[in-house]
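Structure record follows, encoded as structure tokens.
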Amino acid sequence: MGSIYTKQERSDSDDSDRSEIPENNGLIFNECFFPPEVVMHILTFLDPISRRKDPPVLRGRLVCRAWRDMIDSPSFWRIKVLREVPGATHRVFHNELMWSDYYHLCAKKPHKKNLVKNGSAEDDLKHWSAGNAIYGGSRWKVENQPIGCDAFPAGTRKCFVTSFEWCSAEQIINLRHFGLTPNFMKHVKPFIYIEEWHTGRFDCGFEYSLNVTLLSNSWDIVDTFVYNTLGHSTEWKKVRHCFSNYDKEVAAIVFTHKGKDTQFWAGHYGSKITGARVYVTFPGCEEIEDPLPATTAAGGRQPQ
Numbered sequence: 001m002g003s004i005y006t007k008q009e010r011s012d013s014d015d016s017d018r019s020e021i022p023e024n025n026g027l028i029f030n031e032c033f034f035p036p037e038v039v040m041h042i043l044t045f046l047d048p049i050s051r052r053k054d055p056p057v058l059r060g061r062l063v064c065r066a067w068r069d070m071i072d073s074p075s076f077w078r079i080k081v082l083r084e085v086p087g088a089t090h091r092v093f094h095n096e097l098m099w100s101d102y103y104h105l106c107a108k109k110p111h112k113k114n115l116v117k118n119g120s121a122e123d124d125l126k127h128w129s130a131g132n133a134i135y136g137g138s139r140w141k142v143e144n145q146p147i148g149c150d151a152f153p154a155g156t157r158k159c160f161v162t163s164f165e166w167c168s169a170e171q172i173i174n175l176r177h178f179g180l181t182p183n184f185m186k187h188v189k190p191f192i193y194i195e196e197w198h199t200g201r202f203d204c205g206f207e208y209s210l211n212v213t214l215l216s217n218s219w220d221i222v223d224t225f226v227y228n229t230l231g232h233s234t235e236w237k238k239v240r241h242c243f244s245n246y247d248k249e250v251a252a253i254v255f256t257h258k259g260k261d262t263q264f265w266a267g268h269y270g271s272k273i274t275g276a277r278v279y280v281t282f283p284g285c286e287e288i289e290d291p292l293p294a295t296t297a298a299g300g301r302q303p304q
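Numbering-wise, the sequence shown is residues 1 to 304 according to the UniProt record's numbering.
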């Protein structure tokens with residue numbers, strides 16, 4: 001039969017167990033003593049990712065109290081983040097951040113990574129929510145070659161094409177999936193850049209709209225960028241914007257684009273869209289670039 005202990009007896013037992021732990025537990029290797037600073041430096045090389053359920057750096061916290069305290073300390077993560085996370089400077093550290101915020105940062109390394117999936121139609125409409133209700137006209141189409149417009153912008157090989165009624169598609173980006181916790185976003189406030197290319201055809205006018213919304217942890221709107229245009233051009237233009245100094249934590253980004261033609265022609269004569277990007281840069285790594293729409297230096301119009 002198992003024994004039943006009172007709360008006081010359990011507390012006394014825990015204190016007894018703690019008193020039996022050697023003072024140098026976690027610092028002795030092959031009967032050699034290593035200073036805590038040396039052990040902590042060695043532990044900073046534990047990998048934050050693994051094919052197993054728990055990566056080495058998390059399993060290291062379970063070895064003993066000394067290792068756990070080292071891995072949880074700000075000094076540990078300052079060393080690890082500055083060494084392993086691209087774009088990290090001393091400005092990514094804040095007193096309100098937890099060790100887990102830095103762990104996710106090390107595991108995902110989000111600096112300048114594109115957070116939009118399938119931004120240039122490489123996988124048709126995969127990752128975009130484009131249901132029947134927003135499949136206007138002849139619905140979305142993907143072009144492998146630019147038809148009736150200039151060559152694709154550098155780095156893109158396909159584009160989305162809209163029809164004679166609004167074709168809209170949306171993607172919700174959960175920043176935590178990319179190592180950017182709400183707590184990190186609230187206190188560090190990395191710059192959030194969004195951009196996308198659009199154009200029309202030589203024989204038909206177009207309308208294009210981009211709406212990007214930052215959402216808090218409770219799905220409140222933190223900030224919004226809206227861009228609308230219409231035209232009759234074959235030249236690719238880039239919309240670009242930077243979110244900064246937002247006043248709340250940012251947990252998610254809703255990226256929505258839509259377009260159509262202006263002449264109600266059957267088929268796909270509306271705006272063409274490609275190169276959707278959302279990425280963050282850490283403080284100290286700001287980019288200097290005109291946030292207004294830019295044009296490519298691409299070649300002439302492709303034959304229809």
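In this text, a Cβ means the ideal position worked out from N, Cα and C, and glycines have one as well.
Helix, strand or coil at residue i according to DSSP, with G and I counted as helix
| i | result |
| --- | --- |
| Tyr208 | strand |
| Phe178 | helix |
| Arg83 | helix |
| Asp101 | helix |
| Val39 | helix |
| Gly284 | coil |
| Leu58 | helix |
| Lys189 | coil |
| Asn245 | coil |
| Lys272 | strand |
| His127 | coil |
| Phe160 | strand |
| Phe33 | strand |
| His90 | helix |
| Arg51 | coil |
Straight-line Cα distance separating residue j from residue i
| i | j | result |
| --- | --- | --- |
| Val250 | Ile172 | 13 Å |
| Asn95 | Leu105 | 16 Å |
| Phe243 | Ala107 | 24 Å |
| Pro283 | Phe29 | 40 Å |
| Met185 | Asp150 | 39 Å |
| Asp223 | Arg83 | 32 Å |
| Ser163 | Ile253 | 26 Å |
| Gly148 | Arg201 | 5 Å |
| Glu20 | His177 | 41 Å |
| Asn24 | Phe191 | 44 Å |
| Gly259 | Gly155 | 22 Å |
| Arg61 | Asn211 | 43 Å |
| Trp219 | Asn174 | 11 Å |
Close Cβ partners of residue i (< 6 Å) along its chain, the five nearest in sequence each way excluded
| i | result |
| --- | --- |
| Ile4 | Any reading at Ile4 is ruled out, since the residue's pLDDT is 42, under 50, leaving its predicted position unreliable. |
| Tyr102 | Trp77 and Val81 |
| Phe34 | Leu27 |
| Phe152 | Pro146 |
| Cys285 | Gly87 |
In DSSP terms, what residue i is bridged to
| i | result |
| --- | --- |
| Ser73 | Paired residue(s): none; Ser73 is not in a bridge. |
| residue 306 | Nothing can be reported for residue 306, as the shown portion of the chain is limited to 1 through 304. |
| Val239 | Glu196 |
| Gln145 | BP columns for Gln145 are empty, so no partner. |
| residue 362 | In the structure as shown, the chain starts at 1 and stops at 304, and residue 362 therefore has no counterpart that could be examined. |
| Ser168 | Lys258 |
| Val278 | Ile194 |
| Ile28 | Phe33 |
| residue 305 | Because the chain spans 1 through 304 in this model, residue 305 falls outside it and cannot be assessed. |
| Lys201 | Just to set this straight, residue 201 is Arg in the shown sequence, not Lys. DSSP, once it has assigned bridges, lists Cys204 as partnering Arg201. |
Spatial neighbours of residue i in its chain, beta-carbon cut-off 7 Å, leaving aside the 5 residues before and after
| i | result |
| --- | --- |
| residue 312 | Outside the modelled stretch of the chain, which goes from 1 to 304, sits residue 312, for which no answer is possible. |
| Asn144 | Lys158 |
| Thr181 | Asp101 and His104 |
| Asp123 | none |
Contact belief for residue i with residue j at Cβ below 8 Å, rounded distance in angstroms
| i | j | result |
| --- | --- | --- |
| Phe119 | Arg277 | Position check: residue 119 holds Gly in this sequence, whereas Phe was assumed. About 6 Å; that satisfies the 8 Å criterion. |
| Gly179 | Lys109 | 7 Å |
| Thr234 | Thr199 | 6 Å |
| Trp140 | Cys167 | 5 Å |
| Ala169 | Leu125 | 7 Å |
| Lys189 | Asn228 | Lys189 to Asn228, Cβ: 27 Å. No contact. |
| Pro56 | Asp69 | Contact doesn't hold; Cβ gap of about 17 Å is too wide. |
| Glu196 | Thr262 | Glu196 to Thr262, Cβ: 20 Å. No contact. |
| Tyr193 | Tyr279 | 5 Å |
| Gly205 | Glu165 | So it is not a contact: roughly 14 Å between Cβ atoms. |
Spatial neighbours of residue i in its chain, beta-carbon cut-off 8 Å, leaving aside the 5 residues before and after
| i | result |
| --- | --- |
| Thr44 | Phe76, Ile79, Lys80 and Arg83 |
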